[in-house]
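Q:
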Amino acid sequence: MLAPTDLTGQVLKSYHIRERIGRGGFGSIYRAEQPAVGREVAVKVILPEYANQPAFIRRFEAEAQLVARLEHPFIVPLYDYWRDPSGAYLVMRYLRGGSLQQSLTIGPWSLPDAARLLDQISAALMTAHRSRVVHRDLKPENILLDRRRCPRGPA
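First residue of the sequence shown? That's 43 in our numbering, and the numbers climb one at a time after it.
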């Protein structure tokens, strides 16, 4: 495996990496294809310096296991998780609508649309909290939207 500086064009397991769509303090997020089942996915790549810290990985894996059990229409499903010497990887549904933050830069939402969005986010958070999952980083850039501007997060 390559270090996650830019994995565009690489194949990780069965995921064909197409483009980097985000970057953060812990790693990068890529849009990828999973040809075996014909779907687009988002692959989060955690940098090796974090992926090789036992305490970080214990917390990360525990959270991944919790999120994998969450079933809600407004929570992005986790499809896959693995580790290797180059990092740790999470595979989730890819959403084409971008983030709430990106949507807000285009312009404000109507009051009815904003109220609908808040209802959907609240329902997702209630499901997570009932399963003892706390988001800890809820903000517009982590709320992902589908093409119809419905949330599929918090991510």
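A virtual CB, placed ideally from N, CA and C, is assigned to each residue, including glycine.
1) Where do the N-terminal and C-terminal ends of the beta strand (DSSP E) with residue 162 fall, by residue?
2) What first and last residue would you give for the alpha helix (DSSP H) that runs through residue 145?
3) Going by DSSP in three states, residue 138 sits in which element: helix, strand or coil?
4) Per DSSP, what are the beta-bridge partners of residue 123 in this structure?
5) Under a three-way DSSP split, which group does residue 93 fall into?
6) Roughly how many angstroms separate the alpha carbons of residue 52 and residue 70, rounded to a whole number?
7) Taking its Cβ as the centre, do 16 or more other Cβ atoms sit within 10 Å of residue 79, making it buried, or is it exposed?
8) Going by DSSP, what residues sit across from residue 70 in a beta bridge?
9) Take the Cβ of residue 86 as the centre, count every other Cβ of all protein chains shown within 10 Å, and call the residue buried at 16 or more, exposed below.
10) Can you name, in chain order, every residue of its own chain whose Cβ lies under 8 angstroms from the Cβ of residue 63, other than the five neighbours on each side?
11) What is the C-beta distance between residue 139 and residue 188, in whole angstroms, given that I count them as a contact (C-beta under 8 angstroms)?
12) Please state the DSSP three-state secondary structure of residue 197.
A: Reading it off the structure:
1) Run containing residue 162: none in the beta strand (DSSP E); it sits in the alpha helix (DSSP H), 153-172.
2) 142-148
3) coil
4) 132
5) helix
6) 14 angstroms
7) exposed
8) 65, 87
9) buried
10) 71, 72, 73, 84
11) 5 angstroms
12) For residue 197, the predicted model reports a pLDDT of 45, less than 50, meaning its position is unreliable and no value from the coordinates is stated.
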